[in-house]
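In the working numbering, the protein residues as written are 610 to 736.
Glycine included, C-beta positions come from ideal geometry on N, C-alpha and C.
Working notes for the structure below.
As structure tokens, then:
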């Protein structure tokens with residue numbers, strides 16, 4: 610099931626989405642829908658425990674979270690292929706998966722940094 614909506618985008622954002630869709634050989638609406646899907650996690654995601662439920666050591670560990678080196682290297686390769694307009698459909702699917710892993714990790718790391726500051730485990734990054 611899907612729901613149709615109408616949104617207004619700033620011209621520069623629209624142009625970036627349009628260019629990305631063209632480079633990926635995809636339609637604009639699927640790029641926007643997928644971007645929203647990747648950026649906004651599903652509610653009640655039980656795959657990982659809530660950051661606030663973790664102990665201090667686990668929180669500090671998550672503040673150092675990085676993508677696996679092999680995944681990071683592959684992500685860079687796929688992004689280069691995409692930039693060159695040479696991304697195949699299987700590569701596109703793999704890129705989407707790796708981007709989701711990257712974005713979820715980044716969100717988890719940022720949340721852990723926030724919690725670590727709240728608990729006084731680390732100083733705020735702006736200081």
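- A distance of 9 angstroms or more separates the beta carbons of residue 667 and residue 718.
- Assignment of residue 661 by DSSP, reduced to helix, strand and coil, places it in the helix class.
- No Cβ-Cβ contact shorter than 9 angstroms links residue 711 with residue 687.
- Straight-line spacing of the CA atoms in residue 681 and residue 675 works out to 9 angstroms.
- When secondary structure is reduced to three states using DSSP, residue 731 falls in the coil class, being assigned neither helix nor strand.
- Counting C-beta atoms within 10 angstroms of its own C-beta, residue 618 has fewer than 16 neighbours from the protein chains shown and is therefore classed as exposed.
- For residue 636, no alpha helix (DSSP H) segment is defined, and its DSSP state is neither H nor E.
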